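*Asks:* Residue 539 in the UniProt record's numbering sits at position 539 of the sequence shown, with consecutive numbering throughout.
Pasting a structure here, questions to come.
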Amino acid sequence: IDLPPIPKQIPRSSFYFNIERIDEFQWMQDPNNQDVREYINAENEFVNDGQHKAVTETIEMKNKLITPEVVSPLKVASDGYEYYTKPSNYGSIYYRRKKGSLSSEEILLDSKKLAKANKQIKSVLLSTDENLLGYLVEKEGDEIGSLHFKDLSRSNNYQNEILDGVFNFLWGVNVHTVYYTVTDEQLRPYKVYSHQLGTSQRNDILIYEEKDHTSFVDITSTKDQSFVMINSNTFSSSEVRFFDAHHDISQGAPELKLIEPRTTGLEYYVDHRDGYFYILTNADDCHNFKLVRMGIENIRKKYWETIFTVKDIERIEDVDIFQDYAVIFAKSEGLPVLMCYELRSSEVHQIALPTNLCAVSPEINIDSNTNIVRFTCNLPLTHEKTYEYNMKTRNLYSIRSKSVNARAKASDGAEIPITMLHKKSLIMNHNNPVLLRSYGAYGITTDPEFQLEHLPLLERGWIIALAHVRGGSELGYSWYDQGRLMNKKNSFTDFISVVEYLISAGYSNASKISAIGISAGTAFNMRPDLFRALVLRVPFLDPLTSMLDPNLPLTKIEYNEWGNPLEDENVYKYISSYAPYDNISYDITFGDNFKQYNIKTSILVTAGMQDKRVNYWHPLKWVSRMRIRQAEQFWPYQKSNLLMLKIDTNKGHFGSSVNNQSDRIRDLAFELAFLITQVQ
Numbered sequence: 001i002d003l004p005p006i007p008k009q010i011p012r013s014s015f016y017f018n019i020e021r022i023d024e025f026q027w028m029q030d031p032n033n034q035d036v037r038e039y040i041n042a043e044n045e046f047v048n049d050g051q052h053k054a055v056t057e058t059i060e061m062k063n064k065l066i067t068p069e070v071v072s073p074l075k076v077a078s079d080g081y082e083y084y085t086k087p088s089n090y091g092s093i094y095y096r097r098k099k100g101s102l103s104s105e106e107i108l109l110d111s112k113k114l115a116k117a118n119k120q121i122k123s124v125l126l127s128t129d130e131n132l133l134g135y136l137v138e139k140e141g142d143e144i145g146s147l148h149f150k151d152l153s154r155s156n157n158y159q160n161e162i163l164d165g166v167f168n169f170l171w172g173v174n175v176h177t178v179y180y181t182v183t184d185e186q187l188r189p190y191k192v193y194s195h196q197l198g199t200s201q202r203n204d205i206l207i208y209e210e211k212d213h214t215s216f217v218d219i220t221s222t223k224d225q226s227f228v229m230i231n232s233n234t235f236s237s238s239e240v241r242f243f244d245a246h247h248d249i250s251q252g253a254p255e256l257k258l259i260e261p262r263t264t265g266l267e268y269y270v271d272h273r274d275g276y277f278y279i280l281t282n283a284d285d286c287h288n289f290k291l292v293r294m295g296i297e298n299i300r301k302k303y304w305e306t307i308f309t310v311k312d313i314e315r316i317e318d319v320d321i322f323q324d325y326a327v328i329f330a331k332s333e334g335l336p337v338l339m340c341y342e343l344r345s346s347e348v349h350q351i352a353l354p355t356n357l358c359a360v361s362p363e364i365n366i367d368s369n370t371n372i373v374r375f376t377c378n379l380p381l382t383h384e385k386t387y388e389y390n391m392k393t394r395n396l397y398s399i400r401s402k403s404v405n406a407r408a409k410a411s412d413g414a415e416i417p418i419t420m421l422h423k424k425s426l427i428m429n430h431n432n433p434v435l436l437r438s439y440g441a442y443g444i445t446t447d448p449e450f451q452l453e454h455l456p457l458l459e460r461g462w463i464i465a466l467a468h469v470r471g472g473s474e475l476g477y478s479w480y481d482q483g484r485l486m487n488k489k490n491s492f493t494d495f496i497s498v499v500e501y502l503i504s505a506g507y508s509n510a511s512k513i514s515a516i517g518i519s520a521g522t523a524f525n526m527r528p529d530l531f532r533a534l535v536l537r538v539p540f541l542d543p544l545t546s547m548l549d550p551n552l553p554l555t556k557i558e559y560n561e562w563g564n565p566l567e568d569e570n571v572y573k574y575i576s577s578y579a580p581y582d583n584i585s586y587d588i589t590f591g592d593n594f595k596q597y598n599i600k601t602s603i604l605v606t607a608g609m610q611d612k613r614v615n616y617w618h619p620l621k622w623v624s625r626m627r628i629r630q631a632e633q634f635w636p637y638q639k640s641n642l643l644m645l646k647i648d649t650n651k652g653h654f655g656s657s658v659n660n661q662s663d664r665i666r667d668l669a670f671e672l673a674f675l676i677t678q679v680q
């Protein structure tokens, strides 16, 4: 294999709390620096020259992708039209046709021309009278875009009207009114405007401005379309204002009413039905959330009436309000639970799910005047399925699935749940290839949902292990709280404990273990002798630099997750102690695993140049420092010890669009080829 590029070093020194920090690759943080572009091109060329390229081209991924011809309808309109999407090689195509009719379908939007300009449709919404279609177009990675309109009545009004700099939008009850949010330089949505179709954007009315730099603003409507809600949220607090959805904006800005002033640690989310606000909240130290309600005439927390709570091992994730019921989407010990709360009688019954080993989420339940809830059930070995449940008759179509569950002991005694997928014929011979996945941050759960790339591995006898480490919320709020701020190291040590369990229990050995996840890079720094291969997708590898720069997008909001190292010396030292970029040693001390199996780790790092959330320079700097400080580990460069960096200059944080099948297959096949050639 050709030699990789060797980056130049320009050491720069900075001091925090009288502690010196030297960064020899800080120059890489300037995307306009020609040397940065040239180095990225050199890394990409090194990847393209790798010996695994032929495998990428022949892997059987395309045979595994079974995409339904029509996905679940976006909306069934009252005038009898059904709206839906179909995927294509370049993005989604949006259609409509009359419900129950076999007549030809009508194409509303086609992403083909946008894809050629590296743009995509971010969101689509019908106006309340269903005659106008609003669609938000953004350039890959920008996360803000231009709002366009299409008149479905064919009178071609507003086709040339465009609103620029839009983050999110909402139709008003008055179909000529649009509400939208814009962002500041840190990509924080902070202003809400109203726009009257047919007028200049310069004349738009400012409805609300959020001046707290740690809060981001969203605009929604209650499900019954009675009120427009302005939500100001941080990671640990909420503040909701509302106004009458029928307000005539031509008469000026509406009067905003406040549900409850923000308080650190208090989160709440609001909907409305029949004169009551229904509120999902963690008030009164209910960290796993509860459902409360209050009348619209008494708007203050002291009037909140608790109507539904869960056990300590459970956590409410979402609530959907219907005609007679509230549907509670919850987790119990990491497994999904759906409960129906009858609004009048307070009776509760649980929905019998097809299987507990799945990821459940609410579908687009637009109609509030119904007792049928639609939700998706995502199983690990089958594509996403949509179900309808009648809350009165309690009817649901069911399917089957099986799995294996285990628990690993953390270094402090905590038990870490593991979900494992594998062939029934698995032999416990300490020699099975393993792909370990985890997230472990922001309270995001690692659900056993369908992953296309799992299938070729499972057929080859691999074990897919999902590590539910602290920092996620699989076991409730406390599980999340034990993996953030000054407890963040638990996420990484839990990850390591799961690997140790897989080895000691006889599932595998260190020469057969690979990993993908936000914890993998840090875990490798701590225990390089435990991993044969790593895939690091858009990795947050230099968190200290990000947290030290409040001008970067989302940094101030992230302080609740990582802490503020600018103001607190203990936080600075703590992040420094685990940050992957700051903990690359000049040599590696290998333990018994290395001596027994002669392990050399191969690492594939991927990123997007247009990523505004995790900047491209995180992986760029980390790989550069690895090449310098651990040259002995990755020398001589052979098939068995690769360090490769692949940066897509056109992609943003979310990589290839989920609707762009060819790009998605290409990227997944590339990663699979890497894992299979390195581990198996």
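From the three backbone atoms N, C-alpha and C, an ideal C-beta is built for every residue, glycine too.
If you're wondering where the values come from, they're calculated on a predicted model, not measured in any experiment.
When the Cβ atoms of the segment 34-49 are set against those of the segment 609-627, are three or more pairs found closer than 8 Å?
*Replies:* Contact between the segment 34-49 and the segment 609-627 is present, because at least three Cβ pairs lie under 8 Å.
*Asks:* Please classify residue 11 as buried or exposed, where buried requires at least 16 neighbouring CB atoms within 10 angstroms.
*Replies:* Against the sequence shown, residue 11 aligns to sequence position 11. Answer is exposed; the Cβ neighbour count stays below 16.
*Asks:* Under the DSSP definition of a beta bridge, which residues are partnered with residue 120?
*Replies:* Residue numbering aside, residue 120 sits at position 120 when the sequence shown is read from its first letter. 138.
*Asks:* Suppose you measure from the CA of residue 200 to the CA of residue 139; what does that come to, to the nearest Å?
*Replies:* The residue given as residue 200 occupies position 200 in the sequence shown. The residue given as residue 139 occupies position 139 in the sequence shown. So the alpha carbons of these two residues sit roughly 23 Å apart.
*Asks:* Return the chain-ordered ranges of every alpha helix (DSSP H) run that is complete within the segment 480-540 and spans a minimum of 4 residues.
*Replies:* The segment 480-540 contains these whole alpha helix (DSSP H) runs: 489-504 and 520-526.
*Asks:* Mind the definition here: the segment 556-568 touches the segment 190-197 only if three or more C-beta pairs lie below 8 Å; say whether that holds.
*Replies:* Short answer: they don't touch.
*Asks:* Does the contact criterion of 3 or more C-beta pairs under 8 Å hold for the segment 469-477 versus the segment 501-513?
*Replies:* Contact between the segment 469-477 and the segment 501-513 is absent, because fewer than three Cβ pairs lie under 8 Å.
*Asks:* Helix, strand or coil, according to DSSP, for residue 573 in the structure here?
*Replies:* As a first step, residue 573 must be located in the sequence shown, where it is residue number 573. Three-state result, residue 573: helix.
*Asks:* Can you tell me where the alpha helix (DSSP H) holding residue 304 begins and where it ends?
*Replies:* Here residue 304 corresponds to residue number 304 of the sequence shown, with the count starting at 1. Note, residue 304: premise wrong, no alpha helix (DSSP H); not H, not E.
*Asks:* Between the C-alpha atoms of residue 104 and residue 84, what's the straight-line distance to the nearest angstrom?
*Replies:* Residue numbering aside, residue 104 sits at position 104 when the sequence shown is read from its first letter. Residue numbering aside, residue 84 sits at position 84 when the sequence shown is read from its first letter. Near 14 Å, if we compare the C-alpha coordinates of residue 84 and residue 104.
*Asks:* Please classify residue 520 as buried or exposed, where buried requires at least 16 other C-beta atoms within 10 Å of its C-beta.
*Replies:* One-based indexing of the sequence shown puts residue 520 at position 520. Label assigned to residue 520: buried.
*Asks:* Can you list the beta strand (DSSP E) stretches of 3 or more residues lying completely in the segment 348-420, in chain order?
*Replies:* Entirely contained in the segment 348-420, the beta strand (DSSP E) runs reaching 3 residues are, in chain order, 348-350, 359-362, 372-378, 385-390 and 404-409.
*Asks:* How should residue 80 be labelled, buried or exposed, when 16 other C-beta atoms within 10 angstroms of its C-beta is the threshold for buried?
*Replies:* Stepping through the sequence shown from its first residue, residue 80 is reached at position 80. Answer is exposed; the Cβ neighbour count stays below 16.
*Asks:* Can you tell me whether DSSP reads residue 48 as helix, strand or coil?
*Replies:* Numbered from its first residue, the sequence shown carries residue 48 at position 48. Helix at residue 48.
*Asks:* So which of 9, 465, 342 and 337 has the shortest CA-CA distance to residue 325?
*Replies:* For this step, residue 325 is matched to residue 325 along the sequence shown. Minimum Cα distance to residue 325 is reached at 342.
*Asks:* Identify the residues that DSSP records as bridge partners of residue 231: which are they?
*Replies:* Locating residue 231 in the sequence shown gives position 231, counting from the first residue. Answer is 218 and 240, bridged to residue 231.
*Asks:* According to DSSP, simplified to helix, strand and coil, what is residue 203?
*Replies:* Walking along the sequence shown from the start, residue 203 turns up at place 203. DSSP places residue 203 in helix when its eight states are reduced to three.
*Asks:* Per DSSP, what kind of secondary structure is residue 675 in: helix, strand or coil?
*Replies:* Counting from 1 along the sequence shown, the entry for residue 675 is found at position 675. The answer is helix: DSSP assigns residue 675 an H, G or I state.
*Asks:* Counting along the chain, where does the beta strand (DSSP E) carrying residue 445 start and finish?
*Replies:* As a first step, residue 445 must be located in the sequence shown, where it is residue number 445. Counting along the chain, residue 445 falls outside any beta strand (DSSP E), and DSSP gives it neither H nor E.
*Asks:* Have a look at 160, 120, 311 and 431 and flag the residue whose alpha-carbon is nearest the alpha-carbon of residue 151.
*Replies:* Your numbering for residue 151 matches position 151 in the sequence shown. Looking at the Cα atoms, 160 is the closest of the given residues.
*Asks:* Of the choices 98, 175 and 270, whose alpha-carbon is the least far from that of residue 250?
*Replies:* For the purposes of this step, residue 250 is identified with residue 250 of the sequence shown, where counting begins at 1. The candidate whose alpha carbon is nearest that of residue 250 is 175.
*Asks:* I'd like the span of the alpha helix (DSSP H) that includes residue 547, first residue to last.
*Replies:* Translated into positions along the sequence shown, residue 547 becomes position 547. Element bounds for residue 547: 543-547.
*Asks:* Three or more beta-carbon pairs under 8 Å between the segment 162-176 and the segment 528-543, yes or no?
*Replies:* Not touching, per the Cβ criterion.
*Asks:* Determine the burial state of residue 491: buried for a count of at least 16 other Cβ atoms within 10 Å of its Cβ, exposed for fewer.
*Replies:* The residue given as residue 491 occupies position 491 in the sequence shown. So residue 491 counts as buried.
*Asks:* Is residue 111 buried or exposed, if buried means 16 or more other CB atoms sit within 10 Å of its CB?
*Replies:* By 1-based counting over the sequence shown, the position of residue 111 is 111. Residue 111 should be labelled buried.
*Asks:* Is the beta carbon of residue 374 closer than 9 Å to that of residue 355?
*Replies:* Locating residue 355 in the sequence shown gives position 355, where the first residue counts as 1. Locating residue 374 in the sequence shown gives position 374, where the first residue counts as 1. Taking 9 Å as the Cβ cut-off, residue 355 and residue 374 do not qualify as a contacting pair.
*Asks:* Do you know whose CA, among 494, 121 and 630, lies nearest residue 408's CA?
*Replies:* The sequence position of residue 408 within the sequence shown is 408, counting from 1. For the residues 494, 121 and 630, the minimum Cα distance to residue 408 belongs to 494.
*Asks:* Does residue 416 get closer than 9 Å to chain C when you measure Cβ to Cβ?
*Replies:* Among the chains of the structure shown, chain C does not appear; only one protein chain is present.
*Asks:* Please say whether residue 304 and residue 283 have beta carbons closer to each other than 9 Å?
*Replies:* Translated into positions along the sequence shown, residue 283 becomes position 283. Translated into positions along the sequence shown, residue 304 becomes position 304. Yes, Cβ-Cβ distance for residue 283 and residue 304 is below 9 Å.
*Asks:* Going by the beta-carbon positions, is the gap between residue 668 and residue 452 smaller than 9 Å?
*Replies:* The residue labelled residue 668 in the question sits at position 668 within the sequence shown. The residue labelled residue 452 in the question sits at position 452 within the sequence shown. Yes, the Cβ-Cβ distance between residue 668 and residue 452 is below 9 Å.
*Asks:* If you run the structure through DSSP and keep just helix, strand and coil, what is residue 464?
*Replies:* In the sequence shown, the residue the question calls residue 464 occupies position 464. In the structure shown, residue 464 sits in a strand (DSSP, three-state: E or B).
*Asks:* Considering residue 561, what are the terminal residues of the alpha helix (DSSP H) in which it resides?
*Replies:* Position 561 of the sequence shown, counted from the first residue, corresponds to residue 561. Taken as a continuous stretch (DSSP letters only), the alpha helix (DSSP H) holding residue 561 covers 555-562.
*Asks:* Considering only their Cβ atoms, is the gap separating residue 616 from residue 694 smaller than 9 Å?
*Replies:* Nothing about residue 694 can be read from this structure; the chain reaches only from 1 to 680.
*Asks:* Count Cβ pairs between the segment 414-427 and the segment 443-460 that sit closer than 8 Å; are there 3 or more?
*Replies:* Output reads yes: the segment 443-460 touches the segment 414-427.
*Asks:* What number of angstroms, rounded off, separates the C-alpha of residue 219 from the C-alpha of residue 210?
*Replies:* On the sequence shown, position 219 is the one that residue 219 refers to. On the sequence shown, position 210 is the one that residue 210 refers to. Whole-angstrom Cα-Cα distance: 12 Å.
*Asks:* Cβ of residue 434 within 9 Å of Cβ of residue 512?
*Replies:* Stepping through the sequence shown from its first residue, residue 434 is reached at position 434. Stepping through the sequence shown from its first residue, residue 512 is reached at position 512. Yes.
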